[in-house]
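All remarks here apply to the structure that follows.
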Amino acid sequence: MNIENTQSQMRKGVLEFCILSIIKRGEVYPSDIIEEMKRANLNILEGTLYPLLTRLKNADLLTYRWVESTGGPPRKYFSLTDKGAGFYAELQATWNELANAVHALTQNEQAIATNPNNFNQ
């Protein structure tokens with residue numbers, strides 16, 4: 001089994017949630033999303049981000065506005081719609097449940113590893 005493939009699949013599973021988390025804080029330009037993801041050690045390429053933003057926009061979860069740029073073409077800034085905010089809230093609840101469950105399971109695994117008698121409790 002390839003660990004890099006498994007790690008990639010895990011990251012892809014939370015990508016949409018992370019991107020929506022960034023946009024939820026306020027209007028954002030795609031390159032800012034890429035930079036913030038990079039700072040969090042979740043690298044994303046433009047070729048992955050733009051189709052995802054388009055899909056979210058087509059689902060009415062995002063909207064955008066064009067802003068003129070002094071040094072190039074106009075820029076597209078994204079923000080959440082009301083529907084997107086509701087969707088994000090559902091993802092947040094799902095993430096919290098999932099993170100708590102994974103934490104409980106992995107903590108239990110660590111407890112068993114350090115004291116095998118815990119398994120029978």
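Count the sequence shown with our numbering and you get residues 1 to 121, in order. By construction, the Cβ of each residue, glycine as well, lies at the ideal position given by its N, Cα and C atoms.
If you draw a straight line from the C-alpha of LEU45 to the C-alpha of PRO30, how long is it?
-> Locating residue 45 in the sequence shown gives position 45, where the first residue counts as 1. Locating residue 30 in the sequence shown gives position 30, where the first residue counts as 1. Between LEU45 and PRO30, the C-alpha separation is close to 10 Å.
Beta-carbon proximity check, ILE33 vs ILE19, cutoff 8 Å = Residue 33 sits at position 33 when you count from the first residue of the sequence shown. Residue 19 sits at position 19 when you count from the first residue of the sequence shown. For ILE33 and ILE19, yes; Cβs fall inside 8 Å.
Measure from the alpha carbon of THR81 to the alpha carbon of each residue in ALA59, LYS12, ARG11 and GLU16, then state which is nearest.
-> The residue labelled residue 81 in the question sits at position 81 within the sequence shown. For the options ALA59, LYS12, ARG11 and GLU16, the alpha carbon positioned closest to that of THR81 is the one of ALA59.
So, using beta-carbon positions, are TRP66 and LYS57 closer together than 8 Å?
-> Numbered from its first residue, the sequence shown carries residue 66 at position 66. Numbered from its first residue, the sequence shown carries residue 57 at position 57. No, the Cβ-Cβ distance between TRP66 and LYS57 is not below 8 Å.
Straight-line gap, GLY26 to ALA85 (C-alpha atoms, nearest Å) | In the sequence shown, the residue the question calls residue 26 occupies position 26. In the sequence shown, the residue the question calls residue 85 occupies position 85. Near 11 Å, if we compare the C-alpha coordinates of ALA85 and GLY26.
Within the region 49 to 95, note down every full beta strand (DSSP E) run reaching 3 residues or more, in order along the chain.
-> Taken in chain order, the whole beta strand (DSSP E) runs of length 3 or more contained in the region 49 to 95 are 62 to 67 and 75 to 80.
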